[in-house]
Amino acid sequence: MTLERQSIDALREGLDALDRGFAALPAATPPALDARAREVLLEAAQRLRDNYPYFHPLYAGQMLKPPHPLARAAAALADWVNPNNHALDGGRASSRMEKEAVAQIAAMFGWQAHLGHLTSGGTMANLEALWIAGRTKPGKRVAASRQAHYTHSRISAVLGIEFVAIDCDRNGRMDMASLERELARGDIGTVVATMGTTATGSVDPLPRILALAGEHGIRVHADAAYGGYFTLASNLAQEARAAFDRLRDADSIVIDPHKHGLQPYGCGCVVFRDPAVGQFYKHDSPYTYFSSAELHLGEISLECSRPGAAAVALWATQRLLPLERGGEFARMLGSCREAALALYAHIAADKRFVTAFAPELDIVVWAPRAATVSQASSLSRALFDETAKQGLHLAVAELPIAFFDLAGAGMKPDRETITCLRSVLMKPEHREWVDRIAALVDSSAAKVLA
Ligand SMILES: Cc1ncc(COP(=O)(O)O)c(C=O)c1O
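Here the numbering used here is used: the first residue of the sequence shown is 4, the next is one more, and so on.
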């Protein structure tokens, strides 16, 4: 049996406890899950088999991590009540749980005072951060690196804010000389620092970005959607550590509990250092907000209805695994980085491959060595197919050739980008599985690169 089931028993117990809280209600019959409904559920299960095994350690491709069984059970438990965290009228307990969970996230970054809430994901969270950035710096441009998530240029377009992409250095981090050149024009209002790029997990040099921001009076938004939780890890290299230690000085931070925070999809988070940005959200609602003078989360969120279940799952997970340095959750992140370093060392020692820089977080990229970049790119695709046939699921990415030591590998740069293999080792179990993963890369390479 591959899929976890203990959470079903725990959920049953949780439901009994929840039910007792509503014992005074007169009986009302809910719609039955009859034979036809069960048949449909089995049909859905059949359909869902058409997926890569995202929950298994041999899925080491895209950013996909299974939720903690507790998060899954807590979300399901909440769905029996189906609270809506827009207003306290719709989700009293779950709104309070959201405020507590978000305060713990803010505290992880060193903030006591803050304003923040959960969102449907990193895109919506970044949209709110850039919306506030635009309101505080009207008419000014937003800058992010070329390796920043594509969402920043799209969001800027949606918000009607001009966007500029800043070049990256050979490590996939924002290039400071290029940023300084753009800043000299005097019309940048906000710089987005990516704390773990999507493709390679590179961490922008936040201390230097903050220094420039101070000189130029600009706002700094940290997109830590992917990398944010690594602030708890004890095994980061010096530059990444220094960058995470300055997150407290950013104006806003986005982190995605549905990436490294063990949550089911539908859980992003935006936090602002200055609670006064709440003024920009100010609006009245003719339908809600009357039930209490306590803050309704809809008053500080652009989304209206939001799942209380996401807050309940996050709250439960953080209660079990507090966001503490040296704690169990922090050790899980450390294991992911160890796994990535181990896979990187294995591949870098193999003359059949060319690697990029060492992973800053837990993402490894590499390509087969070949006479030209074009040939290496097609071999990457062939290797991707072969590893999948052998049961190992990787991803492919298109990256600037400057990230790879092509000269050292004697490869002709006949293209500006290279199609390479990418492995996101974001499950703590990957540390135990990395030798097996490396062996499958080897056996696939033996077939494709023979
Ligand atoms: C750095 C970064 N920012 C933003 C996003 C967008 O987040 P979401 O897919 O949750 O909308 C991602 C997604 O991978 C990301 O890696």
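Where is the CB? At the ideal position from N, CA and C, for every residue including glycine.
| Under three-state DSSP, which class holds proline 403? | strand
| If you drop the 5 nearest sequence neighbours on each side, which residues of the same chain put their C-beta closer than 8 Å to that of glutamate 327? | Leu235 and Ala333
| Simplified DSSP assignment, three categories, for proline 310 | strand
| DSSP three-state call for tryptophan 134: helix, strand or coil? | helix
| field | Contact under 7 Å by Cβ, leucine 409 with tryptophan 369 | value | no
| message | By the three-class DSSP mapping on this structure, what secondary structure does aspartate 226 have? | response | strand
| What distance in whole Å lies between the Cβ atoms of isoleucine 108 and isoleucine 258, which are believed to be in contact at a cut-off of 8 Å? | 6 Å
| request: Over the uninterrupted beta strand (DSSP E) stretch that includes alanine 146, give me the two end residues. | output: 144–148
| query | What does a CB cutoff of less than 6 Å around arginine 144 pick up in its chain, not counting 5 residues either side in sequence? | reply | Glu165, Val167, Asp190 and Ile191
| message | When you measure from the CB of histidine 263 to every non-hydrogen atom of ligand 1, does any distance come out below 6 Å? | response | no
| said: My output table needs one value for histidine 219: the three-state DSSP class, helix, strand or coil. | reply: helix
| field | Residues bridged to leucine 118 [DSSP beta-bridge criterion] | value | Phe275
| said: Using CA atoms only, rank isn't needed, just tell me which of Ser380, Leu344, Gln241 and Ala391 is closest to glutamate 435. | reply: Leu344
| What do you reckon, is the C-beta of alanine 400 under 6 Å from a heavy atom of ligand 1? | no
| request: Alpha carbon to alpha carbon, how far is threonine 32 from valine 43? Give it in angstroms, no decimals. | output: 21 Å
| Contact under 7 Å by Cβ, methionine 111 with serine 148 | no
| What residues in its chain sit with their C-beta under 7 Å from that of isoleucine 421, if we drop five residues either side in the sequence? | Ala370, Val376, Ala379, Ser380, Leu402, Ile404 and Phe407
| task | Would you check whether ligand 1 has a heavy atom nearer than 6 Å to the C-beta of glycine 124? | result | yes
| task | Verify whether the separation of the beta carbon atoms of histidine 224 and valine 195 is less than 7 Å. | result | yes
| message | For aspartate 1 and glycine 113, what's the separation of their Cα atoms in angstroms? | response | In the structure as shown, the chain begins at 4 and stops at 453. Residue 1 is therefore absent and cannot be evaluated.
| field | Cβ pair alanine 90, leucine 317 closer than 7 Å | value | no
| request: Return yes when the Cβ of lysine 262 is within less than 7 Å of the Cβ of tyrosine 229, no when it is not. | output: yes
| message | Please tell me whether alanine 313 and leucine 121 are closer than 7 Å, where the distance is taken between their beta carbons. | response | yes
| message | If you follow the beta strand (DSSP E) that threonine 358 is in, where does it begin and where does it stop? | response | 356–358
| Under the rule that 16 or more other beta-carbon atoms within 10 Å means buried, what is glycine 231, buried or exposed? | buried
| task | Could you tell me whether the region 260–278 touches the region 122–135, where touching means 3 or more Cβ pairs closer than 8 Å? | result | yes
| query | Hey, is aspartate 259 close to ligand 1, as in C-beta under 6 Å from one of its heavy atoms? | reply | yes
| task | Identify the continuous alpha helix (DSSP H) that holds valine 84 and give its terminal residues. | result | Per DSSP, valine 84 belongs to no alpha helix (DSSP H) and is neither H nor E.
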